[in-house]
Amino acid sequence: MFLLKLVLRNAFRHRLRTFLTVTGLAVAVLAYGMLQTVVDAWYAGAAAASATRLVTRSAISLAVWLPASYEARIRGMEGVKRVARSNWFGGVYQEPKNFFPQFAVSDNYLDLYPEFVLTEAERAAWLRDRKGCLVGRQLADKFGFKVGDVLPIRGTIYPGTWEFVIRGVFDGAEPGKVTNHLLFHWDYLNETMRKAKRRADAVGVYIVGIDDIDSAAAIAVNIDAEFRNSLAETLTESEQAFQLGFVAMSDQIIAAIRIVSYVVILIILAVMANTMAMSARERTSEYATLKAIGFGPRFLALLILGESLLICALGGALGMALTLPAAAFFKTVAAIFPIFAVSGGTLLAQAACALAVALTAAIVPAARAARVRIVDGLRAIA
Amino acid sequence: MAIPLSYVARNLWTRRLTTTLTAGGLALVVFVFATVLMLDAGLKRTLVGTGEHDNVIAIRKGAETEIQSGITRIQASVIETHPAIATGPDSRPLVSKETVVLISLRKAGAQKPSNVIIRGVSATGLALRPQVKLVAGRMFSPGASEIVVGGAIARGFDNTRIGDKLNFAQRDWTVVGTFDAGSSGFDSEIWGDVDQLMQAFRRTAFSSMVLRLADSDRLDQMRADFDADPRLTSELKRERTFYSDQSRALSTFINVLGLTLTTVFSIGAMLGAMITMYAAVSNRVSEIGTLRALGFRRANVLVAFLVEALLLGLVGGLAGLAAAALMQFASFSTTNFQTFADLSFRFVLTPQIAAQTLAFSLVMGLVGGFLPALRAARLEIVEALRAA
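As you go down the protein sequences, you meet chains A and B in turn.
Residues in the first sequence are numbered consecutively from 1, following this note's numbering.
Residues in the second sequence are numbered consecutively from 383, following this note's numbering.
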């Protein structure tokens, strides 16, 4: 009890210093949490992938199309339930900073994505209108799109300005699904390109729906074998592997963010270690006095460790408490990532970092205080 | 009379552990700050260095990158005959009709493939890019399934040494040479014969054309002529503008992310400096009283503590800058969001960045030290002398 009381008194002896240290810790723990969340957000696409979908694309790269005739051949293969076409449109709505993904998809595309829900009436309205399109709820909220609006979108890959009429808004079946994209009819794209006599009957990727998850690898191998040595060889992989491919393209950026998130821990370690070292240094004669009246070196070490733990617990808790509102704020202000949620793992990691900082910062001062000779200590001037 | 600098410096030296820890914190922030600026400078230098001033690139209207663009053979032959284009020694126009395709290649040690630009060029394409120099092997021969690879590709990707074969588009392509394109974007590309590549990829249209202007000022006239010609759907951009436009999204991303981080981190480091300086003041109250009693004024004391804080910032700044300077030996490669292709660039330390970094560290020291210095200056002589 006496130890606790002493720890508490010591921690708040220099109110200003403790306040500054706690603030610094909170900022660092907050920054660490935000950086971890940024890294998580990068992987969100892969986490949302379904095991019952495969993606077939050109073996050369995603920028090369596959012939539309492959659809029937893939559909006829064993284990394949459905095949949908999907082309990346890459258009610009008003100006480049309004970026959102647009896909030209075949009519059965939504059957493969049960996680996007749309009313039957809206779906029927979309199917009836060749220039119709569907937008996700997040996208509709961001730009204030309503059913019936006409969106002019300037093509970058497909020339000209295209007009799409919104016929429906789809929701995520569960919260946290990314719904910031636009879907329109692949047939509309194809007919227009046929008239232009370029890039017609070309499919970006085939989404292959399967029933048996265990045979996914075998089906992928079969599809690729079917088209080997043809003019357009294919590469089939699980949707997750396909999404991870995009993540891997920026792996050095992710690695840099990871490194930097540890740098912030080092920065705060330096600040915290400094605070503890200064406090211990100033109190050398007190420690000597405590020793002189019979307290052992273990007591002194615990005293310093306790103070360090207390300050770090305060700073860590404050930082963690701020992380959730900060993430929510960041999500609305800088809408770079469609999913930006703080995971439980991130909060745990923040707590672990605060604990590690507390322990490391206390080592040197605690050892010094435990070792100090009473005579030297009593003589010491701060 | 001012308080001597040696007094200030010795104060830092006496409390070595505290000084080291505080300066260490500052140094880490400065390191992050400097590397972000260096990365952005490297990216800019790479993409600006990719273009020649008098080279003009023609792409389809509306396309933002060469991958998205297309120019038919008929259009290409119309463009080729424009009088504003310079002619080479063989009196043919200095024009390169190129095809650009992305292929997937595996980075050394990576699980997932990255996209790499493979560019089909004609013989004039090499003449138009004087910064591209062959460093090993030989150039591809026209009409053969041969390729040459840029320096960054040769260093960073599997299976790209001279003599290795890459398989794509139903053919084996032999790597016959490595070229060095300085620090330009071409260093992250693979080049081959345009006719061979177009056949292999079953392309009927070129992706883009690069032209050399006979006279730098004739670009506007050429643009007007092209706009008036109903056969053409291309737009013209100076090569430099074209490539720097392509880096904009990545550059903004690096800057926003990096500067947000440094701002947040610098708060932590400034708090550290403030803690240290407050402690320095409270430990030396009687010393300050003595100085005042000796005749030094409040302003002198204020300046002395500010200088101490600045010195602390400078030590941290120099340490951080020195660490950042070592990053010049490293290179960074990532996918450019706009072209969807892998781009490799270096950390570039310019004198301007060094100056900015040191200024930043001094500001952090100053901000951290200001309030403590003010407290020191406002101490009353009598009370300060009594404090000890």
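Positions of the beta carbon are idealized from the N, C-alpha and C atoms, including for glycine.
Backbone CA spacing between A:MET249 and B:THR717 [nearest angstrom] | Within the first sequence, numbered from 1, the residue matching residue 249 of chain A stands at position 249. Within the second sequence, numbered from 1, the residue matching residue 717 of chain B stands at position 335. One C-alpha to the other measures close to 5 Å.
- Item | Cβ-based neighbour list, B:LEU425, same chain, cut-off 6 Å, excluding 5 preceding and 5 following | Within the second sequence, residue 425 of chain B is the residue found at index 43, counting from 1. Counting only Cβ-Cβ distances below 6 Å, and skipping sequence neighbours, we find SER629, SER633, PHE727.
*Would DSSP call A:TYR43 helix, strand or coil?*
If you number the first sequence from 1, residue 43 of chain A lands on position 43. DSSP places A:TYR43 in coil when its eight states are reduced to three.
Item to complete: Whole angstroms is fine: what's the gap from B:THR404's alpha carbon to A:LEU3's?
Response: For the purposes of this step, residue 404 of chain B is taken as the residue at position 22 of the second sequence. For the purposes of this step, residue 3 of chain A is taken as the residue at position 3 of the first sequence. If I take the Cα positions, the gap works out to 29 Å.
What's the call for B:ALA774, buried or exposed, on a 16-neighbour Cβ count within 10 Å?
-> With chain B running from 383 to 770 in the structure shown, residue 774 of chain B is simply not present.
B:GLU621 - containing alpha helix (DSSP H), residue span | Residue 621 of chain B sits at position 239 when you count from the first residue of the second sequence. 621 to 628 is the span of the alpha helix (DSSP H), which, as asked, contains B:GLU621.
**Q.** Endpoints, the beta strand (DSSP E) within which B:MET833 is located
**A.** An answer regarding residue 833 of chain B cannot be provided, because it is not within the stretch 383 to 770 covered by chain B.
| said: Any beta carbon from chain A within less than 8 Å of B:ILE649's own beta carbon? | reply: Reading the second sequence from its first residue, position 267 is the one you call residue 649 of chain B. Output row for B:ILE649: interface = yes.
Give me the chain A residues within the contact set of B:LEU653, using Cβ-Cβ distance strictly less than 8 Å, ordered along the chain.
Locating residue 653 of chain B in the second sequence gives position 271, counting from the first residue. Correct list: LEU20, THR21, THR23, GLY24, VAL27, VAL271.
* **Nearest candidate by alpha-carbon position, reference B:VAL730, set B:SER496, B:PRO386, B:ASP422, B:VAL414** => Position 348 of the second sequence holds residue 730 of chain B. Nearest option by C-alpha distance: B:ASP422.
**Report entry** Complete beta strand (DSSP E) runs within the segment 446 to 521 of chain B (minimum length 3 residues, chain order)
**Finding:** 477 to 488, 495 to 503, 515 to 519
Exercise. Considering only residues of the same chain and omitting the five flanking positions on each side of A:TYR109, which have a CB-CB separation below 6 Å?
Worked result: What you label residue 109 of chain A is simply residue 109 of the first sequence in a count that begins at 1. So the list reads ALA84, once near-sequence residues are dropped.
Q | Contacts around B:LEU436, its chain only, beta-carbon distance under 7 Å, and the 5 residues preceding and following it disregarded | A | For the purposes of this step, residue 436 of chain B is taken as the residue at position 54 of the second sequence. A small correction: the amino acid at residue 436 of chain B is Asp; Leu does not occupy that position in the sequence shown. ARG594, LEU595, SER598.
### Own chain residues within Cβ distance below 7 Å of B:ALA490, not counting five before or after
To locate residue 490 of chain B, count along the second sequence from 1; it is residue 108. These residues qualify, in order along the chain: GLY538, PHE539, ASP540.
- With a Cβ-Cβ cutoff of 8 Å, do B:VAL531 and B:VAL576 count as a contact? Along the second sequence, one-based indexing puts residue 531 of chain B at 149. Along the second sequence, one-based indexing puts residue 576 of chain B at 194. Not in contact: B:VAL531 and B:VAL576 (Cβ atoms no closer than 8 Å).
Counting only the same chain and skipping the five closest in sequence on each side, list residues whose C-beta sits under 8 Å from that of A:PHE330. Here the question's residue 330 of chain A lines up with position 330 in the first sequence. Hits under 8 Å: MET34, PHE340.
Quick check: the Cα distance between A:VAL22 and B:LEU408, rounded to an integer number of angstroms? Numbered from 1 along the first sequence, position 22 holds the residue referred to as residue 22 of chain A. Numbered from 1 along the second sequence, position 26 holds the residue referred to as residue 408 of chain B. If I take the Cα positions, the gap works out to 18 Å.
With burial defined as no fewer than 16 other Cβ atoms inside 10 Å of the residue's Cβ, what is the status of B:ARG613: buried or exposed? On the second sequence, position 231 is the one that residue 613 of chain B refers to. Its Cβ having fewer than 16 others within 10 Å, B:ARG613 is exposed.
Under 7 Å between beta-carbons, which chain A residues line up against B:MET746? List them in chain order, please. Reading the second sequence from its first residue, position 364 is the one you call residue 746 of chain B. Going along chain A, no residue has its Cβ under 7 Å from B:MET746, so there is no contact; the nearest lies around 12 Å.
**Item:** Minimum C-alpha distance to B:LEU692 - residue among B:THR658, B:ARG442, B:ALA723
**Value:** Here residue 692 of chain B refers to the residue found at position 310 when the second sequence is read from its first residue. It is B:THR658.
**Where B:THR481 meets chain A, residues with beta-carbon distance less than 7 Å** = Counting from one through the second sequence, the residue named residue 481 of chain B turns up at place 99. Under the 7 Å cutoff, chain A gives no residues; its nearest Cβ is about 12 Å from B:THR481.
key: the segment 384 to 400 of chain B contacting the segment 308 to 325 of chain A, beta-carbon criterion three pairs below 8 Å   = no
*Within 8 Å (strictly less), CB to CB, does B:GLN450 reach chain A?*
Indexing the second sequence from 1 puts residue 450 of chain B at position 68. It does; some Cβ of chain A falls within 8 Å.
**Asked** Are the beta-carbon atoms belonging to A:ALA220 and A:GLU237 less than 8 Å from one another?
**Response** For this step, residue 220 of chain A is matched to residue 220 along the first sequence. For this step, residue 237 of chain A is matched to residue 237 along the first sequence. Taking 8 Å as the Cβ cut-off, A:ALA220 and A:GLU237 qualify as a contacting pair.
Review point. With a CB to CB cut of under 6 Å and the five nearest residues on each side skipped, what residues in its chain are close to A:PHE103?
Key: By one-based count along the first sequence, residue 103 of chain A stands at place 103. Closer than 6 Å at Cβ, skipping near neighbours: SER86, LEU183.
(Q) Quick check on A:TYR262: buried or exposed, where buried means 16 or more other Cβ atoms within 10 Å of its Cβ? (A) On the first sequence, position 262 is the one that residue 262 of chain A refers to. With fewer than 16 Cβ atoms within 10 Å of its Cβ, A:TYR262 is classed as exposed.
Residue from A:LEU305, A:LEU322, A:PHE337, A:THR346 whose Cα sits closest to the Cα of A:ALA11
As a first step, residue 11 of chain A is located in the first sequence; it is residue number 11 there, counting from the start. Closest by alpha carbon: A:LEU305.
task = List the whole-angstrom C-beta distance separating B:GLU480 from B:GLY507, where the pair is believed to meet the contact cut-off of C-beta under 8 Å.
result = The count along the second sequence starts at 1 and reaches residue 480 of chain B at position 98. The count along the second sequence starts at 1 and reaches residue 507 of chain B at position 125. Correct: roughly 6 Å between the Cβ atoms.
(Q) Whole angstroms are fine: how far does the CA of A:PRO67 sit from the CA of B:VAL477? (A) Reading the second sequence from its first residue, position 95 is the one you call residue 477 of chain B. Reading the first sequence from its first residue, position 67 is the one you call residue 67 of chain A. Roughly 32 Å between the two C-alpha positions.
Practice problem: Determine the burial state of A:LYS97: buried for a count of at least 16 other Cβ atoms within 10 Å of its Cβ, exposed for fewer. | Solution: If you number the first sequence from 1, residue 97 of chain A lands on position 97. Exposed, because fewer than 16 other Cβ atoms sit within 10 Å of the Cβ of A:LYS97.
* **Environment of A:VAL375 [buried if 16+ CB atoms lie within 10 Å]** => Here the question's residue 375 of chain A lines up with position 375 in the first sequence. By the neighbour-count rule (16 or more Cβ atoms within 10 Å), A:VAL375 is not buried but exposed.
Exercise. Note down the Cα distance separating B:GLN738 from B:ALA704, rounded to an integer number of angstroms.
Key: By one-based count along the second sequence, residue 738 of chain B stands at place 356. By one-based count along the second sequence, residue 704 of chain B stands at place 322. Near 14 Å, if we compare the C-alpha coordinates of B:ALA704 and B:GLN738.
Exercise. Closest to A:ASP149 by CA distance: which of A:ILE157, A:GLY155, A:ALA140 is it?
Worked result: In the first sequence, residue 149 of chain A corresponds to position 149, counting from 1. The option with the nearest alpha carbon to A:ASP149 is A:ALA140.
- Query: Since B:ASN437 sits in a beta bridge, which residues does DSSP pair it with?
  - Reply: As a first step, residue 437 of chain B is located in the second sequence; it is residue number 55 there, counting from the start. DSSP lists B:ARG594 as partners of B:ASN437.
What separation, rounded to the nearest whole angstrom, lies between the Cα atoms of A:LEU16 and A:ALA255? If you number the first sequence from 1, residue 16 of chain A lands on position 16. If you number the first sequence from 1, residue 255 of chain A lands on position 255. Taking the straight line joining both Cα atoms gives about 37 Å.
### Task
Check whether the Cβ of A:SER250 lies closer than 8 Å to any Cβ atom in chain B.
Residue numbering aside, residue 250 of chain A sits at position 250 when the first sequence is read from its first letter. True, the Cβ-Cβ gap to chain B drops below 8 Å.
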